[in-house]
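Notes follow once the structure below has been shown.
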Amino acid sequence: MNKLNKYILIWSLLLFFSCNSMKTVNLYDIVENKEKEDPFLSFPFKDIFTDSDKTGVFGMKIHPCKEITFDTINNFSGKDHLHLKWKKTKDCKWLGLGFKWGNFKSKNLTPLFENSAIQFMIRSNSGEFYNIPMLFGLSDYSGKQCFSKVNILGMEDGIVDQKWRKVSLPLSTFNYNKKGVKISNIKELRVQLLKKGNFHIDDIKLVPYNHPYKISNETFTKKFNTLPINLGDEKKYWWGVNENYSGNFKFTTKSNSTKSNSTINVDNLLPELNVSLSLTVNYDSEKKDKKWNSFGFPFNKWECADLSEVYSTSALNFKIVGKKIPKIKINLVSYLGKPRNISKLINENNIVQLDENTFEIFVPIKSFKNFNSVNWTKMKELRFRILETSNFEIVDFKLIEFRGNPDNPTKWFK
Amino acid sequence: MMKFFINILIFSQLFLYSSVFSQTSKVTISETDSGFELLRNNKPYYIKGAGAKNNFKKVKESGGNSIRIWSSNKSKLLDSALKYDLSVCLGLWVGQERSGFDYNDEYKVKAQTELLKKKILKLKDHPSLLIWGIGNEVDLKYSNFKVWETIEELAKFIKKVDPNHPTMTVIAGLDPSKVFMIKKYCPSVDILGINVYGSIVNANLNIRRYGWEKPYIVTEWGVNGPFEAKVNSWGAKIEPTNGIKANQRLKRYKNFIEGDREKCLGSYCFLWGQKQESTATWHGMYLSNGNPTEAVDVMEYCWKGQWPEKRAPSIMKIKLNGGNWQKNHVFIKNEEVNLEFIYNKNNNDSLYFDFQLYPETFSTKGGGDYQKSPDKLEFIKVKQLESSLTFNVPNKKGFYRMFIFIKNEINQSSVANIPFRVEG
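Chains U and P are the protein sequences, given in the same order.
Under our numbering, the first residue of the first sequence carries the number 1, and numbering increases by one thereafter.
Under our numbering, the first residue of the second sequence carries the number 1, and numbering increases by one thereafter.
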């Protein structure tokens, strides 16, 4: 029994000590958990302007278009504040002032950039203002400057009036990247005075700030990398066809699966339905509605089409069913650039006759005059203009691959 | 006692005046079988308007009934318009991509909207307000279509807070993509405003073939703009004479504005004032010294159906050494040249002539953006006759433009200019 007790005791002690030593063990060594340093707290230059004897201000010389003084009446805090009065005229193109901010010592704003703001108090002598005609500039040691303006979202109650109001200018609104400013080496804060104003300013400082607004990079552009590209599939994007005013152009739809001539009246076509949109043209250049001779559709649902990768090796392709091919002018239009519009008249070198009444048209992009000058990253639409009396059907618009002679395209396709 | 009654009478007149004019107008659009019609306080209101910031009295005297201003920054203009019983198409200035406004920047976009909403609330009950013009030519050289979200947000806000005034957005010329975008993104926009110069000749057709189904207003129209003008061999834009421009204005109003009563609610001629756009006289219906040109007479004829009793003279042709205003005129330094001008005196007995020489500006700015006016140059007049001037061109190589101004005794004026080059 004694022996048993001994065992129990030893076992219990073993258990006790082993339990005591059962700790969670990490796979990796942990560096001692130091409290994360707040970059704002350790930033030594939070005050930009408090009082005239504490902060240096430059640009205070007497000037016919501006008057900058230290007023001592009705300060927000301390013993004085800045009073700015100015009026820009033809004779004074640049008006402004600057703050020595930490006596011009180099300031690294990088860790503060996303969550801090320059904040100050402002009031006017009279009137209500929804914007402050001042441009704030952060200047680095190479002399480069980036700018920002206070907007209504940064203004307390969205207004400046006779009461001291708090105004915030988020650092992230300064366009430092665009202007090549070294945000890690900022020298001073400058203020450009615009138009005219009469404002009191006090207590300019850097504060923690939550700026929830983002800058997106939406371009409304679809990039096309491969050919063929189907065009004009959806009726809702076409223009120029309106039977209320003219019967020159009428839509019909064709089933691609049967390749028959049977027509179906579907108003809202989708490309997935495997039908193609066909336009019946019945145009008389002598009739009253002769000006209804153009139609068109976009490359990309009226947003931008980036065809820069494919345009130089492509041709516009479509079919015409009729007795003969009329004179047709085609325009390709871009949203931006100069020229925004290039055009081409179809000629016999663009036409291949498939049967008695069916023709296939090939128009290489390189055969358009000035095709290289167009901004192919922002393409908008195709326009077709019928230039003579004619009766035909036009269908199956595509951009297809083409690597032949632009002046004699049919040879390559044959 | 008599004095007391007179005072009472004056007071009651003033009260009546202020109560009539302090009421907000109710403006609606009605659609009938014959088309759209604008109603102001339930009465048909066809807009006979001018894009103007001043000379409102003359708009009224000439038979106009409305002015268009581009921004709400100068809201005092609404009071000035009210004084002359003119309604106002009030612009809300929406940032333009071509001027650097980034519609991908949420902070700037939201701030802009909030600011404009404050202005809407402030001005919505002004008695002269006719229509809100949300944005002007935001579509010019743009590719960020988010701008239409801003236009819609403002239009929707107006619908909510101001049921009395229709909403309009103004575009730079008609285009199928713009019509598509506005139809898709801006269902709260009631009227399409179109600024059309040379393209006014196809506006009626394009509005229909691009599929705009609501009414429209021609918010800026006049002569072909500098952006549509021919240039000479050194790139100087060729400006037609005032006489040619006046005839063009008259024809355009009669054919293309009055000619579409089905969808067009009226128009605002451009510009009832003066501005530098390639030259100091291109679009302005007034000169920089404040004198009205014959374009003002034309508008009186368009709006009232009759010419003013006293009309401005009208310069029809201008020539240098026998060559017309469209030719390339090249001279050597200090050369003596002869300027000829052919004009109609109209019903004027005496006319006054002025000649001014300016350097060529070669501005490439578009969309009516600010352009700096050049300074006037001195030159030597040799001989002046009734329809010619002999003068010495400058003694310095360069590109120049000679202007002739003719006015009558009440300062109604006509102007023409001709560019020339001086070589070494």
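Where a beta carbon is used, it is the ideal one built from N, C-alpha and C, also for glycine.
Determine the closest residue to residue i out of the options, with distance taken between C-alpha atoms.
| i | options | result |
| --- | --- | --- |
| asparagine 235 of chain U | U:Lys54, U:Pro39, U:Phe397 and U:Thr72 | Per the sequence presented here, residue 235 of chain U reads as lysine, with asparagine not at that position. Taking only the C-alpha atoms, the option nearest lysine 235 of chain U is U:Phe397. |
| asparagine 408 of chain U | U:Ile346, U:Met379 and U:Ile229 | U:Ile346 |
| lysine 179 of chain U | U:Glu348, U:Asp203, U:Trp164 and U:Gln145 | U:Gln145 |
| phenylalanine 486 of chain P | P:Ala236, P:Glu262, P:Gly225 and P:Lys304 | Since the displayed chain P opens at 1 and closes at 424, residue 486 of chain P lies outside it and no answer follows. |
| isoleucine 342 of chain U | U:Glu348, U:Ile365, U:Asp91 and U:Thr358 | U:Ile365 |
| phenylalanine 355 of chain P | P:Phe403, P:Arg311 and P:Phe362 | P:Phe403 |
| proline 374 of chain P | P:Phe331, P:Glu423, P:Lys275 and P:Asn347 | P:Lys275 |
| glutamine 192 of chain U | U:Pro406, U:Ile68 and U:Ile10 | U:Ile68 |
| serine 199 of chain P | P:Pro215, P:Ile182, P:Phe227 and P:Gly211 | P:Phe227 |
| glycine 35 of chain P | P:Lys407, P:Pro215 and P:Phe56 | P:Pro215 |
| proline 298 of chain U | U:Gly143, U:Ile8, U:Thr221 and U:Glu401 | U:Thr221 |
| leucine 169 of chain U | U:Phe136, U:Leu354 and U:Asn198 | U:Phe136 |
| isoleucine 238 of chain P | P:Thr390, P:Gly424, P:Phe420 and P:Pro187 | P:Phe420 |
| aspartate 157 of chain U | P:Asn136, P:Lys118 and P:Pro187 | P:Lys118 |
| glycine 59 of chain U | U:Asn293, U:Glu393, U:Pro406 and U:Leu82 | U:Leu82 |
| lysine 124 of chain P | P:Lys43, P:Leu339 and P:Lys26 | P:Lys26 |
| glutamine 119 of chain U | U:Ser314, U:Val207 and U:Trp239 | U:Val207 |
| proline 44 of chain U | U:Lys291, U:Leu171 and U:Asn108 | U:Asn108 |
| glutamate 213 of chain P | P:Glu61, P:Tyr197, P:Cys264 and P:Pro240 | P:Cys264 |
| methionine 285 of chain P | P:Glu262, P:Glu220 and P:Ile332 | P:Glu220 |
| glycine 305 of chain P | P:Trp148, P:Lys254 and P:Asn202 | P:Lys254 |
| aspartate 162 of chain P | P:Lys122, P:Lys141 and P:Asn195 | P:Lys122 |
Run through chain P and tell me which residues come within less than 8 Å of residue i, C-beta to C-beta.
| i | result |
| --- | --- |
| tyrosine 213 of chain U | Asp105, Glu106, Tyr107 and Lys110 |
| glutamate 381 of chain U | Pro176 and Ser177 |
| threonine 313 of chain U | Near threonine 313 of chain U there are no residues of chain P at all, since even the closest Cβ is about 25 Å away, more than 8 Å. |
| asparagine 242 of chain U | Arg208, Arg209 and Gly211 |
| tyrosine 245 of chain U | Arg208 and Arg209 |
Is the distance from the Cβ of residue i to the Cβ of residue j below 7 Å?
| i | j | result |
| --- | --- | --- |
| arginine 385 of chain U | lysine 329 of chain U | yes |
| leucine 97 of chain U | tryptophan 86 of chain U | no |
| glycine 193 of chain P | valine 170 of chain P | yes |
| isoleucine 207 of chain P | methionine 168 of chain P | no |
| leucine 307 of chain U | phenylalanine 224 of chain U | yes |
| alanine 312 of chain P | aspartate 297 of chain P | yes |
| isoleucine 122 of chain U | isoleucine 201 of chain U | yes |
| aspartate 203 of chain U | serine 52 of chain U | no |
| leucine 320 of chain P | isoleucine 406 of chain P | no |
| isoleucine 361 of chain U | phenylalanine 318 of chain U | yes |
| lysine 380 of chain U | serine 177 of chain P | yes |
| valine 94 of chain P | glycine 135 of chain P | yes |
| serine 216 of chain U | leucine 171 of chain U | no |
| isoleucine 380 of chain P | asparagine 392 of chain P | yes |
| isoleucine 47 of chain P | glycine 266 of chain P | yes |
| isoleucine 394 of chain U | alanine 315 of chain U | no |
Please compile the residues from chain P whose C-beta is within a distance smaller than 9 Å of the C-beta of residue i.
| i | result |
| --- | --- |
| asparagine 151 of chain U | Tyr107, Lys108, Lys110, Ala111, Gln112, Glu114 and Leu115 |
| leucine 336 of chain U | Lys141, Tyr142 and Ser143 |
Chain P partners of residue i, CB-CB under 7 Å?
| i | result |
| --- | --- |
| serine 216 of chain U | Asn104 |
| tyrosine 130 of chain U | Leu115 and Lys118 |
| tryptophan 239 of chain U | Pro176, Arg209, Tyr210 and Gly211 |
| phenylalanine 220 of chain U | Ser143, Asn144 and Phe145 |
| tryptophan 302 of chain U | Ser177, Phe180 and Met181 |
| threonine 173 of chain U | Tyr107 |
Find the residues of chain U that neighbour residue i, judging by a C-beta separation of less than 7 Å, and give them in chain order.
| i | result |
| --- | --- |
| proline 428 of chain P | Residue 428 of chain P falls outside the range modelled here, since chain P spans only 1 to 424, and no answer is possible. |
DSSP puts residue i in a beta bridge; with which residues?
| i | result |
| --- | --- |
| arginine 70 of chain U | The amino acid occupying residue 70 of chain U in the given sequence is phenylalanine; arginine does not appear at that position. Beta-bridge pairing links phenylalanine 70 of chain U to U:Leu82. |
| valine 27 of chain P | P:Arg40 |
| lysine 48 of chain P | P:Ser267 |
| lysine 329 of chain U | U:Leu345 and U:Arg385 |
| glutamine 384 of chain P | P:Leu389 |
Residues in the segment 361 to 379 of chain U with C-beta within 8 Å of chain P's C-beta atoms, listed in sequence order?
-> Lys378
Select from the segment 34 to 57 of chain P all residues with a C-beta closer than 8 Å to any C-beta belonging to chain U, and list them in chain order.
-> none
Would you list, in chain order, the members of the segment 200 to 211 of chain P that have their beta-carbon closer than 7 Å to a beta-carbon of chain U?
-> Leu205, Arg208, Arg209, Tyr210 and Gly211
Residues from the segment 350 to 365 of chain P in contact with chain U, defined by Cβ distance under 8 Å = none
Residues of the segment 289 to 300 of chain U with a CB closer than 9 Å to any CB of chain P: list them in chain order, please.
-> Lys291, Trp292, Ser294, Phe295, Gly296, Phe297 and Pro298
If contact means a Cβ-Cβ distance below 7 Å, which residues of the segment 141 to 171 of chain U contact chain P?
-> Asn151, Ile152, Leu153 and Gly158
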